[in-house]
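Using this note's numbering, the letters of the sequence shown correspond one by one to residues 352 to 591. A virtual CB, placed ideally from N, CA and C, is assigned to each residue, including glycine. This report refers to the structure that appears directly beneath it.
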Amino acid sequence: MNSEIVLEAQQLKKSYHKDRIEVPVLRGIDLCVRRGLVTTLVGRSGSGKSTLMHLLAALDRPDHGQIHFCGERIDNASRSRRDAYRNQNLGVIFQFYHLLPELSAMENVLAPLMISQSLIHYFSNRKEAKKRAEAMLDRVGLLHRATHKPSEMSGGEMQRAAIARALMTNPSLLLADEPTGNLDTDTGGDILRLLDTFNRDDNLTILMITHDDAIAKKADQCYRMTDGKLNTESIHLNVA
Ligand code: ADP
Ligand code: MG
Numbered sequence: 352m353n354s355e356i357v358l359e360a361q362q363l364k365k366s367y368h369k370d371r372i373e374v375p376v377l378r379g380i381d382l383c384v385r386r387g388l389v390t391t392l393v394g395r396s397g398s399g400k401s402t403l404m405h406l407l408a409a410l411d412r413p414d415h416g417q418i419h420f421c422g423e424r425i426d427n428a429s430r431s432r433r434d435a436y437r438n439q440n441l442g443v444i445f446q447f448y449h450l451l452p453e454l455s456a457m458e459n460v461l462a463p464l465m466i467s468q469s470l471i472h473y474f475s476n477r478k479e480a481k482k483r484a485e486a487m488l489d490r491v492g493l494l495h496r497a498t499h500k501p502s503e504m505s506g507g508e509m510q511r512a513a514i515a516r517a518l519m520t521n522p523s524l525l526l527a528d529e530p531t532g533n534l535d536t537d538t539g540g541d542i543l544r545l546l547d548t549f550n551r552d553d554n555l556t557i558l559m560i561t562h563d564d565a566i567a568k569k570a571d572q573c574y575r576m577t578d579g580k581l582n583t584e585s586i587h588l589n590v591a
């Protein structure tokens, strides 16, 4: 249980403001994500899980506290450094997939490379990129849907496409915000097993948000969010 700390949050606080009234959401979050493990974050709807994920993905800044990725402080880094941190190290998936509706599964999977590389670089490596996208679609079991648009896919298929897209840039850490929250139990189970395969075979570190206790407790490490804090007493470890 001494694997390296990949992502660490210390004393994160975040409030929203509504009609000049401060609404505290995160009240001092400490969290540690270790390499190669699956860590879950469980909590009721509205408890602040997505807010925390946005901070960890450097999509938003905390009001207080620090976030380190592999020892480097990222919460107060420049916007370009924060974008680079996200593009180079993270894969992100969401409950509602967030696929681009006009693009096919293949084009959605290719999109992150077009964003993270210059257009010239992308076009000169187009063949390689397409090969990798095909391999990713194959791994998530979606090669037969490569030309389908999101509207022509089921929820489970859309989530598979989103996973392939998130892993296209070979990130070391996957942040998943309720990836099974919009799926029936069986389809959700398939998606969890797929994520598990990437964890085991590629040593992909995963931080997964869920509101489902049963899912949360299957992880190597589980944090519970209550009243804007993570209850460290409920950290539960399945690994020696
Ligand atoms: P969860 O993901 O656990 O369901 P969220 O992080 O989405 O919770 O939201 C936590 C709380 O913060 C909720 O009460 C929500 O209404 C509020 N909230 C989230 N985003 C915003 C925002 N952009 N502006 C104001 N309040 C927000
Ligand atoms: Mg949420």
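C-alpha distance - residue i paired with residue j, whole-angstrom precision
i, j, result
"R437", "V393", "23 Å"
"R424", "L526", "18 Å"
"L550", "A567", "In the sequence as displayed, the identity of residue 550 is Asn instead of Leu. Taking the straight line from one Cα to the other gives about 15 Å."
"L451", "K500", "9 Å"
"S431", "L410", "12 Å"
"G492", "E479", "20 Å"
"R496", "N521", "22 Å"
"K569", "S475", "43 Å"
"T498", "G507", "16 Å"
"E359", "L464", "27 Å"
"R575", "N582", "5 Å"
"K400", "V374", "15 Å"
"F445", "G579", "21 Å"
"A428", "T391", "26 Å"
"A462", "R516", "8 Å"
"N533", "A484", "25 Å"
"R490", "M404", "26 Å"
"I418", "I557", "17 Å"
"D381", "G540", "29 Å"
"Y473", "M519", "13 Å"
"R544", "A435", "30 Å"
"A408", "G422", "15 Å"
"I542", "D535", "11 Å"
Proximal residues to residue i (C-beta, below 6 Å), its chain only, five neighbours per side dropped
i, result
"S354", "R385, R386, G387"
"Q362", "G379, G416"
"T538", "G507"
"C383", "I356, E359"
"R477", "none"
"T548", "none"
Buried versus exposed, by CB contacts within 10 Å (16 or more), residue i
i, result
"T531", "buried"
"K482", "exposed"
"D528", "buried"
"A565", "exposed"
"L470", "exposed"
"D426", "buried"
"A369", "Before going further, note that residue 369 is Lys rather than Ala in the sequence given. So K369 ends up on the exposed side."
"N554", "exposed"
"I307", "There is no way to answer for residue 307, as the model of the chain reaches only from 352 to 591."
"G397", "exposed"
"F447", "exposed"
"R395", "exposed"
"R433", "buried"
"G442", "buried"
Close Cβ partners of residue i (< 7 Å) along its chain, the five nearest in sequence each way excluded
i, result
"K293", "Past the edges of the chain, shown from 352 to 591, lies residue 293, and the structure says nothing about it."
"E584", "Residue placement at E584 is poorly supported in this model, since its pLDDT is 44, which falls under 50; the coordinates still yield a value, given next. Hits under 7 Å: none found."
"L494", "E485, L488"
"N440", "F420, P522, S523, L524"
"S502", "P452"
"Y367", "V374, V376"
8 Å CB neighbourhood of residue i in its chain, flanking five on each side removed
i, result
"I466", "N438"
"S505", "T538"
"H449", "A513"
Bridge-paired residues (DSSP) for residue i
i, result
"Y367", "V374"
"C573", "T391"
"L380", "It should be pointed out that residue 380 corresponds to Ile in this sequence rather than to Leu. BP columns for I380 point to L363."
Check your understanding: Below 8 Å, can you find three or more Cβ-Cβ pairs linking the stretch 448-468 to the stretch 498-518?
Key -> Taking a contact to require three or more Cβ pairs closer than 8 Å, the stretch 448-468 and the stretch 498-518 qualify as touching.
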